[in-house]
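Colleague: Numbering (mature numbering (1 follows the signal peptide of the UniProt record, and there is no 0)), first residue to last: -25 to -1, 1 to 634.
Every residue gets a Cβ at the ideal spot worked out from N, C-alpha and C, and that includes glycine.
1. Taking all protein chains shown into account, do 16 or more other C-beta atoms lie within 10 angstroms of the C-beta of residue 101, making it buried, or fewer, making it exposed?
2. Skipping 5 residues on each side, what residues in its chain have a beta carbon closer than 7 Å to that of residue 95?
3. Taking all protein chains shown into account, do 16 or more other C-beta atoms lie within 10 angstroms of the C-beta of residue 596, making it buried, or fewer, making it exposed?
4. Consult DSSP for residue 623 and reduce its assignment to one of helix, strand or coil.
5. Within its chain, find whatever has a CB closer than 8 Å to the CB of residue 181; leave out the 5 residues flanking it on each side and keep chain order.
6. What alpha helix (DSSP H) runs, 4 residues minimum, are completely inside the region 127 to 192?
7. Taking the alpha-carbon positions, what's the residue 70 to residue 104 distance?
8. Taking contact to mean at least 3 C-beta pairs separated by less than 8 Å, is the region 590 to 607 in contact with the region 221 to 238?
9. From the DSSP output, read off the bridge partner residues of residue 103.
10. Smallest Cα separation from residue 513: which of 61, 313, 127 and 574?
11. Between residue 130 and residue 195, how many whole angstroms is the CB-CB distance? I'm expecting something under 8 Å.
12. Can you confirm whether the region 606 to 624 touches the region 106 to 118 when touching is taken to mean that 3 or more C-beta pairs between the two stretches lie within less than 8 Å?
13. Among the candidates 160, 421, 227 and 275, whose CA atom is the shortest distance from the CA of residue 216?
14. Whole-angstrom Cβ separation of residue 310 and residue 582, contact assumed at under 8 Å?
15. Within its chain, find whatever has a CB closer than 6 Å to the CB of residue -1; leave out the 5 residues flanking it on each side and keep chain order.
16. Which residue comes first and which comes last in the alpha helix (DSSP H) that contains residue 88?
17. So, are the CB atoms of residue 366 and residue 325 less than 8 Å apart?
18. Grab me the residues of residue 301's own chain with a C-beta within less than 6 Å of its C-beta, minus the 5 sequence neighbours each way, in chain order.
19. Which residues mark the beginning and the end of the beta strand (DSSP E) in which residue 596 is found?
20. Quick test of your reading: residue 659 and residue 617, contact by CB under 8 Å. State the CB separation rounded to the nearest angstrom.
21. Bridge partners for residue 512 per DSSP, in chain order?
22. Mind checking which residues open and close the beta strand (DSSP E) that includes residue 236?
23. Which residue from 522, 298 and 296 puts its Cα closest to that of residue 392?
24. Reducing DSSP to helix, strand and coil, say where residue 80 ends up.
25. Taking residue 91 as the reference, give the member of 74, 336, 589 and 127 with the closest Cα.
26. Between which residues of its own chain and residue 363 is the CB-CB distance below 8 Å, once the five residues before and five after are set aside?
27. Using a Cβ distance threshold of 8 Å, determine whether the region 406 to 415 contacts the region 528 to 542, with at least three qualifying pairs required.
28. Can you tell me which of 621, 551 and 559 puts its alpha carbon nearest to the alpha carbon of residue 257?
29. Considering Cα atoms alone, identify which of 553, 578 and 560 is closest to residue 261.
30. So residue 148 packs on residue 140, CB below 8 Å; how close in whole Å?
31. Secondary structure at residue 545, three-state DSSP: helix, strand or coil?
32. Out of curiosity, what's the CA-to-CA distance linking residue 389 and residue 410?
33. Which whole runs of the alpha helix (DSSP H) in the region 553 to 579 are 4 residues long or more, in chain order?
34. Which word fits residue 122, buried or exposed, when buried means at least 16 other C-beta atoms lie within 10 angstroms of its C-beta?
35. With C-beta atoms as the reference, is residue 639 less than 8 Å away from residue 97?
36. Are the CB atoms of residue 570 and residue 538 within a distance shorter than 8 Å?
Structural data, given as structure tokens:
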């Protein structure tokens, strides 16, 4: 019996290592698995310090002397490949990074782009540094390697040799990062904030340090990566960590980048990708170069100093990556606000007023590249409003030939400027560009917005028209109500006498039809209490300059109360924005993205992720690092929706802008 018992014990001892190895192998093939007992992430800054939050709230309600008012903000920094398992087997002490961020950037006070003044709030930032294990690292590397597509050659550094270049579609690997987000925080990356508006959903910054030699697509085997590839590097392997190729991301076909904003609530910084370069030709401000994002190659393999101090490298890299994290905070997580306006309305009306000078096509007819998707616009606007706010989006088409003053406003807003371009002969050539001045358009059309919006809404739903607008009755003897047979200027049929009767009495009158305002021809209207109207004027023009843009090389212009979008059938317009060696192009026949970008700025108060107010320069400055990703702003992005991280920012704007 004793011998049998010892035999059983020996078999058990032999089986246990085998079971452990099988468990490890299973973990590699099944990453992001939340087993029972998985550590539950929680808002440490809000759940561990509830008393401090109550105290600050009490001070806000009972004392107006404290300016700025502190607001708690939690930022999660997720480190992938920094535990002696990523590129160069580099190790970054997450406690050291936490202390450095806490001491160097503990607070952040946003500003208002409209006034240039700081807001009366100050974010008290709490950092959570979260290192990720090897299983998730290998799964991320495998997914990125599978999505690499060869796209010619590129330089591995500023003056380096040309090596094969691979591109990764960021939307294809986004599900992998969504799984990682859910694995860490226990919530979907695109979780709806409508269920609990007072709950702050976690945001994250993913910082990747991947092993390029392990991901080399030239040596692809089609099998998942195993733990045996995480061994220490010898001298030769350490020197060949760049693996003789480069890879970079493109979000939905936008500009090539190594940092991008996701559809969910996280941003990605991949220090192994790139290097990438993009910016504007005529200005060096904000341009992204080969050394904008820190790279371990420059620290561990310097060209001039072959001897490297490991502790010094860690300190230098900690400072460099902290600057990149701060850039994400200032431009994506806690950016500035566009306008100093607190929207306290309970109803929001967004009339899309299409003014066209042709009958070639209709932008409201679905299924075309030039179509406007009203339902998609309504969904995006709804995601940026407060829980109890209502939104109504209506659209209508009007002919500029029927509205003389509006046609004159468009002609009056035409401007021209001269630029000097360098061509193949090496000489400067003068080129004249035509653009539309948005400020002139707003001044000329601001008196017509309510009248046109009321007519569009009345045609769409008469009951809602009475809810959003009040038709004012004449209060003076000289005011005559318009006759029913005259109709309104927003009817589809053309008016017989749109700007006055052609009778002898009218010709002899003091005010001629040319001098009449648009509001003189319709029943006077005014917004009902609690209603905010933000008109979107879409100028659908034909017979104009094929290179026509609005000011600032844009197809959209916004003010605090209106959005103007240009649309014409010209071909792609070459811009001064450059990504790598190619100039970006604008598509003037697709207004959808620009409409959503304008409404995000006016309704949500969002600032483009590449803009920021500078008190040193006393003006807004540009930083193109975060110009690529899931947002509709600028020449380097290519999406018509707003990410959930920016939506959360828009929802918190009323609290940020209250003074």
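Modeller: From the atom records:
1. By the neighbour-count rule (16 or more Cβ atoms within 10 Å), residue 101 is buried.
2. 42, 43, 44 and 634, listed in sequence order.
3. Label assigned to residue 596: exposed.
4. Here residue 623 sits in helix by DSSP.
5. Cβ within range, chain order: 53, 55, 152, 155, 241, 242, 243 and 244.
6. If we require 4 residues or more, the alpha helix (DSSP H) runs fully inside the region 127 to 192 come out as 145 to 160.
7. Near 8 Å, if we compare the C-alpha coordinates of residue 104 and residue 70.
8. These segments touch.
9. Partner(s): 51.
10. Of the candidates 61, 313, 127 and 574, the one whose C-alpha sits nearest the C-alpha of residue 513 is 574.
11. Separation of the CB atoms of residue 130 and residue 195 is rounded to 23 Å, and the pair is thereby denied contact status at 8 Å.
12. By the Cβ rule, the region 106 to 118 does not count as touching the region 606 to 624, because fewer than three pairs are nearer than 8 Å.
13. Comparing C-alpha distances from residue 216 to each of 160, 421, 227 and 275 shows the shortest one belongs to 275.
14. Here residue 310 really is in contact with residue 582; their C-beta atoms are around 5 Å apart, less than 8 Å.
15. Low confidence applies here, because residue -1 scores a pLDDT of 46, under 50, leaving its location unreliable; read the following figure in that light. Counting only Cβ-Cβ distances below 6 Å, and skipping sequence neighbours, we find nothing.
16. Unbroken run through residue 88: none, as it is neither H nor E.
17. For the pair residue 366 and residue 325, the CB atoms are nearer than the 8 Å cut-off.
18. Beyond the five residues adjoining it in sequence on each side, residue 301 comes within less than 6 Å, by CB distance, of 80 in the same chain, given in chain order.
19. Note, residue 596: beta strand (DSSP E), 594 to 597.
20. Residue 659 falls outside the range modelled here, since the chain spans only -25 to 634, and no answer is possible.
21. In DSSP, residue 512 forms a bridge with 328 and 539.
22. Unbroken beta strand (DSSP E) run through residue 236: 234 to 236.
23. Here the closest residue by C-alpha is 522.
24. In the displayed model, residue 80 falls within coil according to three-state DSSP, outside both helix and strand.
25. Relative to the Cα of residue 91, the nearest Cα in the group 74, 336, 589 and 127 belongs to 589.
26. Once the five neighbours on either side are set aside, the close Cβ partners of residue 363 are 321.
27. In short, these stretches touch, since the Cβ pair count reaches three.
28. When each option's Cα is compared against that of residue 257, the closest is 551.
29. Of the listed residues, the one whose Cα sits closest to residue 261 is 553.
30. At roughly 17 Å, the Cβ-Cβ gap does not stay under 8 Å, so residue 148 and residue 140 are not in contact.
31. In this structure, residue 545 counts as coil in the three-state DSSP scheme.
32. About 6 Å.
33. If we require 4 residues or more, the alpha helix (DSSP H) runs fully inside the region 553 to 579 come out as 567 to 577.
34. Label assigned to residue 122: buried.
35. This structure cannot settle anything about residue 639, because the visible part of the chain is limited to -25 through 634.
36. Yes; because the gap between Cβ atoms is below 8 Å, this pair is in contact.
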